[in-house]
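2 protein chains.
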Amino acid sequence: MATLGDIGVAAAINILTAFAFFVAFAILRLQPVNDRVYFPKWYLKGLRASPLGGALVTKFVNLDYRSYVRFLNWMPAALQMPEPELVAHAGLDSVVYLRIYLTGLKIFVPIAFLAFSVMVPVNWTNSTLKKSNLVYSNLDELSISNVPLGSHRFWTHLVMAYAFTFWTCYVLNREYEIVATMRLHFLASEQRRPDQFTVLVRNVPPDPDETVSQLVEHFFLVNHPDHYLTHQVVYNANKLSKLVNEKKKVQNWLDYYQLKFSRNPSRRPLTKTGFLGLLGKRVDGIDHYTSEVDRLSKEISSERDKITNNPKSIMPSAFVSFKTRWGAAVCAQTQQTRNPTIWLTQWAPEPRDVYWDNLAIPYVSLTIRRLIVFVAFFFLTFFFMIPIALVQSLANIEGIERAAPFLKTIVEVKFIKSFIQGFLPGIALKLFLIFLPSILMIMSKFEGFTSISALERRSATRYYIFQFINVFLGSIITGTAFQQLDKFLHQSANDIPITIGVSIPMKATFFITYIMVDGWAGVAGEILRLKPLIMYHLKNTFLVKTEKDREEAMDPGTLGFNTGEPQIQLYFLLGLVYAVVSPILLPFIIVFFGLAYVVYRHQIINVYNQEYESAAAFWPDVHGRIITALVVSQLLLMGLISTKEAAQSTPLLITLPVLTIWFHLFCKGRYEPAFKKNPLQEAMRKDTLERAREPNLNLKGFLQSAYIHPVFKVADDSDSDGASEELEQEPVVVPTKRQSRRNTPVPSKYSGSISSSQAEDVLMIQP
Amino acid sequence: MATLGDIGVAAAINILTAFAFFVAFAILRLQPVNDRVYFPKWYLKGLRASPLGGALVTKFVNLDYRSYVRFLNWMPAALQMPEPELVAHAGLDSVVYLRIYLTGLKIFVPIAFLAFSVMVPVNWTNSTLKKSNLVYSNLDELSISNVPLGSHRFWTHLVMAYAFTFWTCYVLNREYEIVATMRLHFLASEQRRPDQFTVLVRNVPPDPDETVSQLVEHFFLVNHPDHYLTHQVVYNANKLSKLVNEKKKVQNWLDYYQLKFSRNPSRRPLTKTGFLGLLGKRVDGIDHYTSEVDRLSKEISSERDKITNNPKSIMPSAFVSFKTRWGAAVCAQTQQTRNPTIWLTQWAPEPRDVYWDNLAIPYVSLTIRRLIVFVAFFFLTFFFMIPIALVQSLANIEGIERAAPFLKTIVEVKFIKSFIQGFLPGIALKLFLIFLPSILMIMSKFEGFTSISALERRSATRYYIFQFINVFLGSIITGTAFQQLDKFLHQSANDIPITIGVSIPMKATFFITYIMVDGWAGVAGEILRLKPLIMYHLKNTFLVKTEKDREEAMDPGTLGFNTGEPQIQLYFLLGLVYAVVSPILLPFIIVFFGLAYVVYRHQIINVYNQEYESAAAFWPDVHGRIITALVVSQLLLMGLISTKEAAQSTPLLITLPVLTIWFHLFCKGRYEPAFKKNPLQEAMRKDTLERAREPNLNLKGFLQSAYIHPVFKVADDSDSDGASEELEQEPVVVPTKRQSRRNTPVPSKYSGSISSSQAEDVLMIQP
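The following block contains the structure:
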């Protein structure tokens, strides 16, 4: 058992690590050569250009000693930007994401204050542990374990549980209200956007006589006669976007060899045609990749023609635009035909938020996919240890020697042997955990969501469940998830909270260490951006020829909702569970929330470039998971107290989860519609205003080419212009007053990339 | 343990009882004097008048011996009417209700066939029970109990479980599809009805400057400018309708005494003013009730004035009508303002389906009411035995003697003593069970539903849960629900299905008896209509003066969805649970379904008069509960088989509920929207047709007075005409081609009554 001293040492180590990260960051970020790694957001907004002037040295290294003195001054700077400005700068998603940390602080600071002033003295002034023969640490004297069985002091914990629940619910209710207002205000004050007028229609039924485009037009002309404006069909460009990506990769290699050749013109660079340029026939690098680029260009061109001319490449989906926001709001919220599996309408996501590959999945297939993913996720959560154990059993010394006898001499070296024995089994698990978010994302994609934001939200939910079972429960009752499941199935409903509840106080020190390593050091590591830093300098050295290339070499990254939010939720869970049991955990969580708030605020201002703007559509999930944590904490407390011979408190404790769930349902009804539906009054108000201000607006032109597969917008070779023009049909560029947010495009993670020259045209019409 | 012979005797008794009921019915229904009891539906439809001609004797008794010979000929007659005609005759609700019985037959006849040809031989050809020392009946030799532990024969049961599940799902899917189509067809082919154009708006926010009426008009003129037509505010007429009901009751007494006086003019009838005319001052009956009627008439008149003139009696709700069905469909399905708790819109129920008392409950109150009802229902289900046990402990001989010593001599008589000891405790429970549906209905009313159909659906759900826990589980594991709950809380999730599963085969004979008594005899009793028969003749003797009074004395009744459907569901549950375990139960269930189908078809044709038409809105509930029964049966089978040392089959059995739940979700997505939403295409089609056919339709006049509180339509005294005219504002009667369905009004169970003279006017405009 760890004593206060042990925790102090661990804390000191982790504080030092975090401090080291901060110092490294402070030094690195001041070097002009790293400017694009630590301030990409400003470049993307066009408010900062590459540092060019001055001597060669100052171009790369900052020699001004004064700037090093105030090495932590980025912290107050990060906090200075006021919220409305931050919304304009980084979007509502980022600002509301920061509110999750703020919510954590709002919940836990008063709770910690109350717990330390009331509960810690109540626990501390007992001597149960001293009298017992148990091995215990002095930390445990602060916890509920120190209260004797059947003591009346448990009433304190009961009252505190009520107080904490009410406070948490109060904060949650307020936050939900604020976020809902922010969202509505954001949506209302926004400039005209194509998705305000557009509805995504899926599962257009096949018709032998009409093309999809004609069918859509006729259907909406008949059923929304006063409101229908125009529509855009969706092309199946999955193959094309694969080709474009491939070409981009080949082009990168070509650039690399050309740069190599230009630096050392005496030798033609050579490469091999096989795997990663390591195996196969040796050829001239430049020639090989030039011919590859040519081949792919031709293929892209012919694929593009095929898509444009073949009616089969039109998917049974369309983006239908309306004359008014009112018309779009009506169409998105209503059912169109008596068969609820065809002509499905939903709000169109932002153009950049659309996940194009999933637009054409029929209804039956969707439900089957959901079943498959459900089963797959169940097995992933409960049986993921089986393949890892298999790999681990193979990846030992004997296995390696058997598979590759020639490695025997190397493997038998003592240092390498101990390294393999020590690390290899762990690496298999670590690799799995690193790839887990990607696996979950693939599941969500397979499930058929149509926007990137929805994909991320669903992945976050799954990641949270995985963490809850494998990290939280797994650490408390030690054993794989499957063993837990087996245990739970053989235990009564009464005993499950007891089993877990009883182990909780003993795990406090473990979780304190976890918070420090995963939370503190993790957050401090986030600001250092080691991976983007290395990648940028590698690309800068080997690939960058022009300023445009340098812009593309930047990887600002995003908030990563699908991994970040579940991590925060784990801290909410730990905080709420331990608030009554071992309040000593709370300060560590508060430090995490505070630190993370400052760091992520800095990152949002200076680094991240969100891929989409969902106007905080994720808040209902965040709220729901905090409520889950609250209910779990109440059940576990009930289990724990029932072993303490304080059974008379059980009815009072049962009331708590009932009230909490009721509160959740209340909030759901009260606030959730603001995140799912679009009120007609708001739509009508904006429409009326717009009609008054711009009576001659050419809306059709504005919407005409808003929803075109990004791959058609790639302008990296000449033939695309022709093709995209064909597809866009009279692309009228409507100038608006608003400045384009991004004057430098970033490669989209998911579906091809937009390069600057044409992207600017396109983005001009998506303000 | 009951043997085959015992069951045979019980069956014979019950068949004889049922047969006796049928004979009694056959004789009673042929008497002209009972004509209004057994064929009220035809009177209500105006297709039958009172038998007047002929001699006095034949007016009351049927002397034609030939009609007695074919005393069962009502059965084929009931089956003859084709379904479309039945829909026109009795409404879609009744026809779809009959389909529940048909679904039962469709599911269980093939299952029984398969079970008897495959499973019964497999079970029968073992000798486990013979070898064991257990007491068993020869019925048990047909059940799964007869298969030895660890036998490979369990594969048969497993395969059968799959076959039964797939068959049930197949039937359910088909039925869902058919019912959905019927509903859509019914809604589409219907004549113009006010609810097609009308939306119920609740929670109109208070406004200091405008009245509710003005506010509603302005809001919809702004937000639905092209579609808004008119609206009707809702008056708080709860007190008025109470007064009207009271007056009606007093009027009945007045009629009774006047009739008494006219038959015996020598003596003025006397009455007492106190409780039920038994206590208090003795007064002249006619004078007393005449003055009472006058007093109430004045009170009603002044209350009516108060409602009309006091703006506070206008509730913050309104029925808003639109120019087109399309406009109404849009408004009902969309959110109006950014605050989702005000301006709530939903489809208006049929005017006769509206539950007026609940129209003005604010959102917060609704959520609190839901919590209260949840808790109350939980206690009702699990703790209802406590007050009954209390009553039982009081209602014994000693208790009575202590409370009323003067009864001692009577009570001590041996016969009376044994009667009290034997029946009184049972009566408390029986009374509770009789009042249970009313208690559940009160709960649903308190919860705030706005239509009678929704109230009945919710009550049915609660009644089903109550029956599931207290009848099904209560009979299997014997013990009160609370004892069960306690037991389950202390058992592991694995053990619960085992505990129940193991007891199931042993309870087969009990449930067979239950089916015969509750099902067979109950259904046969339903057709006899003993209570309406007695009530009608009592009223006819004491109250009826005019033909109109006689019409009011008829009580056709309704299907009683809130009690009838949960009863059927219990049989589905028993059938599915026992299909694999003891197939001997199936024939009894099939007989029930067949008998009930014929009887209820007869009753629907000849007797029941539905209070509302919800167009089969209850089918999703029916479907969901059959799915629940299926999943329960699968879990219990899993529990049972796991005790039979056939554990290798568990993974296969776990797959079943997963697949079943997935099937349910699939059906929900595929068919449920047809029951919740109104497709725009259908609305548009009907609008277009109507515009073409009747271009000069005065829709405003048609809708103007459709949604007026029924109490304002009562025309039983002169002053009402004035008041209702004031309220109705230019009531334009629009003649339609369709005949009014009811030319004789029936008292509405819930909110006042409509008497014929004005009702006909009103109903003319509600075709």
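Chains as they are written, first to last, in UniProt numbering: chain H, 1 to 767; chain V, 1 to 767. The C-beta atom is built at its ideal place from N, Cα and C for all residues, glycine as well.
Spatial distance of V:E350 from H:T334 (CA atoms): Walking along the second sequence from the start, residue 350 of chain V turns up at place 350. Walking along the first sequence from the start, residue 334 of chain H turns up at place 334. Cα-Cα distance, rounded: 21 Å.
Distance between beta carbons of H:S614 and H:D195, contact taken as under 8 Å: Sequence index remark: in the first sequence, residue 195 of chain H carries index 195 (1-based). Sequence index remark: in the first sequence, residue 614 of chain H carries index 614 (1-based). Actually they are not in contact, since the Cβ atoms of H:D195 and H:S614 sit about 11 Å apart, beyond 8 Å.
4 or more residues per run - each alpha helix (DSSP H) lying fully within the segment 263–337 of chain H: 285–309 and 325–333
Residue-chain proximity (H:G639, chain V), Cβ-Cβ < 8 Å: Walking along the first sequence from the start, residue 639 of chain H turns up at place 639. No - not a single Cβ of chain V is within 8 Å of the one on H:G639.
Inter-residue CB distance, V:D35 and V:W326 (contact presumed, cutoff 8 Å): Locating residue 35 of chain V in the second sequence gives position 35, counting from the first residue. Locating residue 326 of chain V in the second sequence gives position 326, counting from the first residue. Wrong, their Cβ atoms sit about 47 Å apart, outside the cutoff.
Proximity winner among V:G8, V:F220, V:W155 and V:S266, relative to residue 834 of chain H (alpha-carbon distances): Past the edges of chain H, shown from 1 to 767, lies residue 834 of chain H, and the structure says nothing about it.
H:K106, buried or exposed, once every other Cβ within 10 Å from all chains shown has been counted against 16: To locate residue 106 of chain H, count along the first sequence from 1; it is residue 106. Classification for H:K106: buried.
Residue interval of the beta strand (DSSP E) (run including V:T345): For this step, residue 345 of chain V is matched to residue 345 along the second sequence. From DSSP, the beta strand (DSSP E) with V:T345 extends over L344 to W347.
Three-state secondary structure assigned by DSSP to V:S127: Reading the second sequence from its first residue, position 127 is the one you call residue 127 of chain V. Looking at V:S127 - three-state DSSP - the assignment turns out to be coil, as it is neither helix nor strand.
Other residues of its chain near V:P311: CB distance less than 7 Å, five sequence neighbours each side excluded: The sequence position of residue 311 of chain V within the second sequence is 311, counting from 1. Counting only Cβ-Cβ distances below 7 Å, and skipping sequence neighbours, we find T211.
Neighbouring residues, chain V, relative to H:T165 (Cβ below 8 Å): For this step, residue 165 of chain H is matched to residue 165 along the first sequence. By Cβ distance, chain V contributes nothing, its closest Cβ being about 15 Å from H:T165, past 8 Å.
Contact list for the segment 648–675 of chain H against chain V, Cβ threshold 9 Å: V658, L659, W662, L665, F666, G669, R670, Y671, E672, P673 and A674
V:Q232 in three-state terms, based on DSSP: One-based indexing of the second sequence puts residue 232 of chain V at position 232. Of the three classes helix, strand and coil, the one that applies to V:Q232 here is strand, per DSSP.
Cutoff 8 Å: residue 772 of chain V Cβ touching any chain H Cβ: Outside the displayed range of chain V (1 to 767) lies residue 772 of chain V, so it cannot be described from this structure.
Counted within 10 angstroms of its Cβ, other Cβ atoms place H:L52 as buried (16 or more) or exposed: Translated into positions along the first sequence, residue 52 of chain H becomes position 52. With a pLDDT of 47 at H:L52, under the threshold of 50, the predicted position of this residue should be treated as unreliable, though the coordinate-derived value follows. Exposed, since its Cβ has fewer than 16 Cβ neighbours within 10 Å.
Nearest-angstrom Cα separation, counted from V:P587 out to V:A10: Walking along the second sequence from the start, residue 10 of chain V turns up at place 10. Walking along the second sequence from the start, residue 587 of chain V turns up at place 587. Looking at the two C-alpha atoms, the distance is approximately 15 Å.
Residues near V:V37 by beta carbon distance below 7 Å, same chain, minus five either side: Locating residue 37 of chain V in the second sequence gives position 37, where the first residue counts as 1. Closer than 7 Å at the Cβ level, and outside the excluded window around V:V37, lie R529, P532, L533 and Y536.
DSSP three-state assignment for H:T198, whether helix, strand or coil: Within the first sequence, the letter at position 198 stands for residue 198 of chain H. H:T198: strand per DSSP, three-state reduction.
Helix, strand or coil at H:V354 [DSSP, three-state]: Walking along the first sequence from the start, residue 354 of chain H turns up at place 354. Three-state result, H:V354: strand.
V:I465, enclosing alpha helix (DSSP H) - first and last residue: Mapped onto the second sequence, residue 465 of chain V falls at position 465. Segment I452 to Q467, the alpha helix (DSSP H) holding V:I465.
Residue from V:T198, V:R267, V:H224 and V:L296 with nearest C-alpha to V:V250: Counting from 1 along the second sequence, the entry for residue 250 of chain V is found at position 250. Taking only the C-alpha atoms, the option nearest V:V250 is V:L296.
Burial state of V:G519 (16 or more Cβ within 10 Å): In the second sequence, counting from the first residue as 1, residue 519 of chain V sits at position 519. Answer is buried; the Cβ neighbour count reaches 16.
Straight-line Cα distance separating V:I627 from V:I661: Start at 1 with the first residue of the second sequence, and residue 661 of chain V comes out as number 661. Start at 1 with the first residue of the second sequence, and residue 627 of chain V comes out as number 627. Straight-line Cα distance between these residues: approximately 8 Å.
Proximal residues to H:R352 (C-beta, below 6 Å), its chain only, five neighbours per side dropped: Locating residue 352 of chain H in the first sequence gives position 352, where the first residue counts as 1. So the list reads Y612, once near-sequence residues are dropped.
Chain-order list of residues whose beta-carbon lies under 6 Å from that of H:I527 (same chain, five-residue window excluded): Residue numbering aside, residue 527 of chain H sits at position 527 when the first sequence is read from its first letter. So the qualifying residues of the chain are F25 and V599.
Below-8 Å beta-carbon distance, H:S642 vs any chain V residue: Position 642 of the first sequence, counting from 1, holds the residue named residue 642 of chain H. Not one chain V Cβ lies under 8 Å of H:S642.
Residues that H:D226 contacts on chain V, provided the C-beta gap is smaller than 8 Å: The residue given as residue 226 of chain H occupies position 226 in the first sequence. Ordered by position in chain V, the residues that pass the 8 Å Cβ test against H:D226 are D226.
For H:R193, the first and last residue of its enclosing alpha helix (DSSP H): The residue labelled residue 193 of chain H in the question sits at position 193 within the first sequence. H:R193 -> no alpha helix (DSSP H), and no H or E assigned at all.
Length of the line joining the Cα atoms of H:Q232 and V:F166: Your numbering for residue 232 of chain H matches position 232 in the first sequence. Your numbering for residue 166 of chain V matches position 166 in the second sequence. Between H:Q232 and V:F166, the C-alpha separation is close to 42 Å.
Short CB-CB distance (under 8 Å) between H:N173 and chain V: Start at 1 with the first residue of the first sequence, and residue 173 of chain H comes out as number 173. For H:N173, the answer is no, since every Cβ of chain V falls outside 8 Å of its Cβ.
For H:P497, three-class secondary structure by DSSP: The count along the first sequence starts at 1 and reaches residue 497 of chain H at position 497. Three-state DSSP puts H:P497 in a helix.
Chain V contact residues for H:V330, given Cβ-Cβ distances below 7 Å: Against the first sequence, residue 330 of chain H aligns to sequence position 330. Those are V330 and T334, listed as they occur along chain V.
Secondary structure of V:A723, DSSP reduced to three states: One-based indexing of the second sequence puts residue 723 of chain V at position 723. Note on V:A723: pLDDT 40, under 50, position unreliable in the model; no value is reported.
Nearest-angstrom Cα separation, counted from H:I584 out to H:G5: Residue mapping note: residue 5 of chain H aligns to position 5 of the first sequence, counting from 1. Residue mapping note: residue 584 of chain H aligns to position 584 of the first sequence, counting from 1. Approximately 14 Å between the Cα atoms of the pair.
Selection of the segment 180–210 of chain H by Cβ proximity to chain V, strictly under 7 Å: L184
Closer than 8 Å to chain V by CB, H:K323: Residue 323 of chain H sits at position 323 when you count from the first residue of the first sequence. False, the Cβ-Cβ gap to chain V never drops below 8 Å.
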